[in-house]
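S.K.: Following this message is one structure expressed as structure tokens.
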Amino acid sequence: MHIPQLLSQRFADAIARSPFADQVDDIQRLAGMIRIAGNPKFGDYQANFAMPLSKMVSGSNPRDVAQQVVDLADLDQICEAPEVAGPGFINLKLRDDFITNNLVAMLDDPRCLVGQVDSPKKILIDYSSPNVAKPMHVGHIRTTVIGHCLAQTLAFMGHEIITDNHLGDWGTQFGMIIYGYKHFGDPNVVAADPVPELSKLYRLVHQLMSYHKAVSSLPKLDHQIETLSLQREEALKEAEAVEGKEAKKKRKLADSISKKIAGSKEGIEKAKSTIKAIDSDPEMKSLAEKHSSIATAVLEETSKLHAGDEENKQLWEQFLPHCKDEINRVYNRLNVSFDHTLGESFYHPMLRKTVDDLRERGLATESDGAICVFLDQFDAPMIIQKRDGAFLYATTDLATLKYREEEFSPDEILYVVDARQSEHFEKLFAVAELTKLTTAKLVHVSFGTVLGEDGKPIKTRSGTLIGLESLLDDAVEAAYQVVCDPDRIVNLEPPMGDDEKRQVSETIGIGAIKYADLSHHRTSDYQFKLSKMVALSGNTATYAQYNYARTPSILQRNGVTEKDVHQRVAESGLILSHPAERDLALMLMRFEEALSSVYDDYAPNHLVDYVYGLAESFAKFNTQCHVLRAESNEIQTTRLALVVLTGRVLQLGLRLLGIDVVERM
RNA sequence: GCGCCCAUAGCUCAGCUGGAUAGAGCAUCGGACUUCUAAUCCGACGGUCGGAGGUUCGAAUCCUCCUGGGCGUGCCA
Numbered sequence: 003m004h005i006p007q008l009l010s011q012r013f014a015d016a017i018a019r020s021p022f023a024d025q026v027d028d029i030q031r032l033a034g035m036i037r038i039a040g041n042p043k044f045g046d047y048q049a050n051f052a053m054p055l056s057k058m059v060s061g062s063n064p065r066d067v068a069q070q071v072v073d074l075a076d077l078d079q080i081c082e083a084p085e086v087a088g089p090g091f092i093n094l095k096l097r098d099d100f101i102t103n104n105l106v107a108m109l110d111d112p113r114c115l116v117g118q119v120d121s122p123k124k125i126l127i128d129y130s131s132p133n134v135a136k137p138m139h140v141g142h143i144r145t146t147v148i149g150h151c152l153a154q155t156l157a158f159m160g161h162e163i164i165t166d167n168h169l170g171d172w173g174t175q176f177g178m179i180i181y182g183y184k185h186f187g188d189p190n191v192v193a194a195d196p197v198p199e200l201s202k203l204y205r206l207v208h209q210l211m212s213y214h215k216a217v218s219s220l221p222k223l224d225h226q227i228e229t230l231s232l233q234r235e236e237a238l239k240e241a242e243a244v245e246g247k248e249a250k251k252k253r254k255l256a257d258s259i260s261k262k263i264a265g266s267k268e269g270i271e272k273a274k275s276t277i278k279a280i281d282s283d284p285e286m287k288s289l290a291e292k293h294s295s296i297a298t299a300v301l302e303e304t305s306k307l308h309a310g311d312e313e314n315k316q317l318w319e320q321f322l323p324h325c326k327d328e329i330n331r332v333y334n335r336l337n338v339s340f341d342h343t344l345g346e347s348f349y350h351p352m353l354r355k356t357v358d359d360l361r362e363r364g365l366a367t368e369s370d371g372a373i374c375v376f377l378d379q380f381d382a383p384m385i386i387q388k389r390d391g392a393f394l395y396a397t398t399d400l401a402t403l404k405y406r407e408e409e410f411s412p413d414e415i416l417y418v419v420d421a422r423q424s425e426h427f428e429k430l431f432a433v434a435e436l437t438k439l440t441t442a443k444l445v446h447v448s449f450g451t452v453l454g455e456d457g458k459p460i461k462t463r464s465g466t467l468i469g470l471e472s473l474l475d476d477a478v479e480a481a482y483q484v485v486c487d488p489d490r491i492v493n494l495e496p497p498m499g500d501d502e503k504r505q506v507s508e509t510i511g512i513g514a515i516k517y518a519d520l521s522h523h524r525t526s527d528y529q530f531k532l533s534k535m536v537a538l539s540g541n542t543a544t545y546a547q548y549n550y551a552r553t554p555s556i557l558q559r560n561g562v563t564e565k566d567v568h569q570r571v572a573e574s575g576l577i578l579s580h581p582a583e584r585d586l587a588l589m590l591m592r593f594e595e596a597l598s599s600v601y602d603d604y605a606p607n608h609l610v611d612y613v614y615g616l617a618e619s620f621a622k623f624n625t626q627c628h629v630l631r632a633e634s635n636e637i638q639t640t641r642l643a644l645v646v647l648t649g650r651v652l653q654l655g656l657r658l659l660g661i662d663v664v665e666r667m
């Protein structure tokens, strides 16, 4: 049930039959101008096409045009008599029996009146795509949660969805682990308990590399600060010498140099603390000294792997499954899965050919020793092979696209990737267009950065990223505190046992994190504030989950099952007796609108808004419309039906967001 | 330098294919519990939608310029 679409069709018919039909060039667009009424006193929906339409019809005025279309439109079954108001708005109020008829139909429809799309598309969604062997951090949450929600939602709408986790399983991090294993690893320990041991090795190598990098960066940073200070003074001097706009410009330049200086100073502080961590530990200090050229050694291990070195290949094959176990633990917890997990390594054998093809077609040329594709619309080329012969992620992405076209021939490919990579995707899409690599619509579903409470990209004090798992643990723990508050659950019968408490807090804690992420528009940066997410009040997952949990509880208190409600509805029918009932009923019917708008700009926050709105309508209904004490049997039946349907839509809506519900909390 | 993005209530954010009086959560203040679960509901307070022009019957929304911020920018991904 997509009410605006339905109304729009009726208006399109009416305009087409009107005397001025031939003066209108785009009936569909005009008739599509249906909006939810801005103010309840104007009804439920409003049609805004009369003003622009009147402009196309010479000698007409909007109010008359509106009235003529209204007179022709077949709306009797749907709306009360429409009213033309203001400059030419058409106000529409749905008939109560239209609403109740739909509620009855909804009770028998597991899809909650959401239609299957007319023309299903095959859509491939590339999301999550972490580097394995590196610990996952908050940065991974957005792509994973947004991608999963899009996959669920579009699939439910009737599209054919293929999800693919484009794992980073072939990069430097394996060189690091291999190096770590060869120098610090104990084969027995690794064999016995591989996952924590491998991540320990990764962290050790990472720390040693950071140490040497920090040591060598200090003089560079000092020198940088010197140079910048000189530049700054010069800029200020020049500002003195000139006047007006030029002086302002120079002062601004000096300001921006000041910021760079501050940045360098911060870099020095960070480097110093990295160095201190090692220097203060004699054992680490001696390790660092022994492995002074660790960075180049790691790169060597990586390129040996890529070149097919037996030993490294064998180690990679040994380690990879364990690295996958590691990330799968997080996916299990987030309840996320993929149809395919084709990592970078999968495409490695195709890269040579990818480059050769582009060279043969004359699109790729050598420049400064690297193989580049130059594009008119960009200053910098897309580099597909480095001077040292290594391939880059651009190469892999091209090979991946070719494979996806041949294997799946999708209508659309969505890349759920950080906005900072937008230029890469623009280039990738441009090359795809140039080479006619695919007929699919390519979309970079970009998203903003997760910021800390200071408004900067989220980091811990030491500069390392907060681990994703500890974050999930914190959220679950916070939820546990509230779930297990004895004062709250004292009345639950039977009492909540330990297992249920744990399960409920897991569901609520994880839901809190997902909901907080999805509730922001994907393109905006947002501040990650755990205390706010697990506050469990206001616009949070908990609010929706809580309102869901009340629905089975109400049925239980009334001593009825869903089946009983069906029966009663069939016998007595429905009647709307209270505005809160009507508001809730209308909200239930708007589910499909919410799903459509998620697809329109790949924006899950529209579904979050809907779920919140529905939960809110239900909360209001709940305080104003008592089921057990309903004034009549018919009214009670109606309210029971609303409770059943609200429970279903809330559960389904949350499920599409990737969030679970519990039966009581 | 060039390119992309952003600026809305004290704070965090919605709203942006132009529509009637710009919304929510948090915070603050005041009300409602012998609860079909108060993790709730009701009310109050709170805005030059960064600034200036322009297009339009109508602009937070579209265009231009300005200011302030973020990100990217030839061999990481």
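First residue of the first sequence: 3, per this note's numbering; consecutive thereafter. Cβ coordinates follow ideal geometry from the N, Cα and C atoms, glycine included.
1. Scan the stretch 259-315 and note each continuous alpha helix (DSSP H) run of 4 residues or more that stays entirely inside, going in chain order.
2. Is there contact between the stretch 50-60 and the stretch 5-25, where contact requires at least three CB pairs shorter than 8 Å?
3. Taking only three categories from DSSP, how would you classify Phe91?
4. Would you mind reading off the limits of the alpha helix (DSSP H) that contains Ser10?
5. Should Glu407 and Leu436 be called a contact, given that it needs their Cβ atoms to be closer than 8 Å?
6. Just the C-alpha distance for His608 and Glu471, rounded to the nearest angstrom, thanks.
7. According to DSSP, simplified to helix, strand and coil, what is Ala372?
8. Have a look at the DSSP bridge pairing and note the partners of Arg570.
9. Given a cut-off of 8 Å on the beta-carbon distance, is the pair Ala432 and Gln379 in contact?
10. Among Ile373, Glu409, Leu307 and Leu353, whose alpha-carbon lies nearest the alpha-carbon of Ile125?
11. Does DSSP put Thr165 in a helix, in a strand, or in coil?
12. With DSSP collapsed to three states, give me the class of Ser201.
13. If I'm right that Ala273 touches Lys252 with Cβ under 8 Å, what's the distance once you round it to whole angstroms?
14. Taking buried to mean at least 16 other C-beta atoms within 10 Å of its own C-beta, is Thr298 buried or exposed?
15. Can you look up Glu85 in the DSSP assignment and give me helix, strand or coil?
16. For His139, list the residues DSSP reports as bridge partners.
17. Where do the N-terminal and C-terminal ends of the beta strand (DSSP E) with Arg37 fall, by residue?
18. Rounding to the nearest angstrom, what Cα-Cα distance links Lys326 and Leu336 in this structure?
19. Between Arg37 and Gln48, how many whole angstroms is the CB-CB distance? I'm expecting something under 8 Å.
20. For a test of the three-state rule: what should DSSP assign to Tyr129, helix, strand or coil?
21. Is the number of C-beta pairs between the stretch 168-180 and the stretch 621-641 that are closer than 8 Å three or more?
22. Just checking, does the stretch 356-368 make contact with the stretch 496-506 on the three C-beta pairs under 8 Å criterion?
23. Pull up the distance between the alpha-carbon of Pro6 and that of Ala153, whole angstroms please.
24. Given this structure, state the Cα-to-Cα distance separating Lys123 from Pro497, to the nearest angstrom.
25. Extract the residue ranges of the alpha helix (DSSP H) inside the stretch 510-544, only unbroken runs of 4 or more that lie entirely within it.
26. Which value, in whole angstroms, describes the spacing of the CA atoms of Leu658 and Met591?
27. If we call anything under 8 Å between Cβ atoms a contact, is Ala39 one with Gly45?
28. Hey, out of Ser634, Ala621 and Arg584, whose CA is closest to Asn103's CA?
29. Inspect the beta-carbon positions of Ala382 and Met352 and report whether they are closer than 8 Å.
30. Here's the rule I'm using: 16 or more other beta-carbon atoms within 10 Å means buried, otherwise exposed. How should Phe376 be labelled?
31. Compute the beta-carbon to beta-carbon distance between Asp111 and Asp15, rounded to the nearest angstrom, for a pair I have assumed lies under 8 Å.
32. CB-CB under 7 Å to Ile661, same chain, minus the five flanking residues each way: which ones, in chain order?
33. Could you tell me which residues DSSP pairs with Thr343 in its beta bridges?
34. Using C-beta distances below 8 Å, list every residue in its chain close to Arg650, excluding the 5 sequence neighbours before and after it, in chain order.
35. List the whole-angstrom C-beta distance separating Leu616 from Leu576, where the pair is believed to meet the contact cut-off of C-beta under 8 Å.
36. Taking DSSP as the reference, what is the three-state secondary structure of Leu156?
M.R.: With the given structure in hand:
1. For the stretch 259-315, the full-length alpha helix (DSSP H) segments reaching 4 residues or more read 284-292 and 296-309 along the chain.
2. yes
3. strand
4. Per DSSP, Ser10 belongs to the alpha helix (DSSP H) from Ile5 to Arg19.
5. no
6. 27 Å
7. If DSSP states are grouped into helix, strand and coil, Ala372 belongs with the strands.
8. Answer by DSSP bridge pairing: none, since Arg570 is not bridged.
9. Yes, the Cβ-Cβ distance between Ala432 and Gln379 is below 8 Å.
10. Glu409
11. DSSP places Thr165 in the strand class (E or B) of the three-state scheme.
12. Look at Ser201 here: in three-state DSSP terms it is helix.
13. About 31 Å separates the two Cβ atoms, so there is no contact after all.
14. exposed
15. Reduced to three states, the DSSP call for Glu85 is strand.
16. Gly469
17. Ile36 to Ile38
18. 15 Å
19. 6 Å
20. In the three-state reduction of the DSSP assignment, Tyr129 falls in the coil class, being assigned neither a helical nor a strand state.
21. Taking a contact to require three or more Cβ pairs closer than 8 Å, the stretch 168-180 and the stretch 621-641 do not qualify as touching.
22. no
23. 25 Å
24. 48 Å
25. 532-535
26. Distance between the alpha carbons of Leu658 and Met591: 17 Å.
27. yes
28. Arg584
29. no
30. exposed
31. With 8 Å as the limit, Asp111 and Asp15 do not qualify as a contact, their Cβ atoms being about 26 Å apart.
32. Counting only residues of its own chain and dropping the five nearest sequence neighbours on each side, Ile661 has a CB closer than 7 Å to the CB of Gly513, Lys516, Tyr517 and Ala543.
33. Its beta-bridge partners do not exist; DSSP assigns none.
34. Cys114
35. Rounded, the Cβ-Cβ distance is 18 Å, inconsistent with contact.
36. helix
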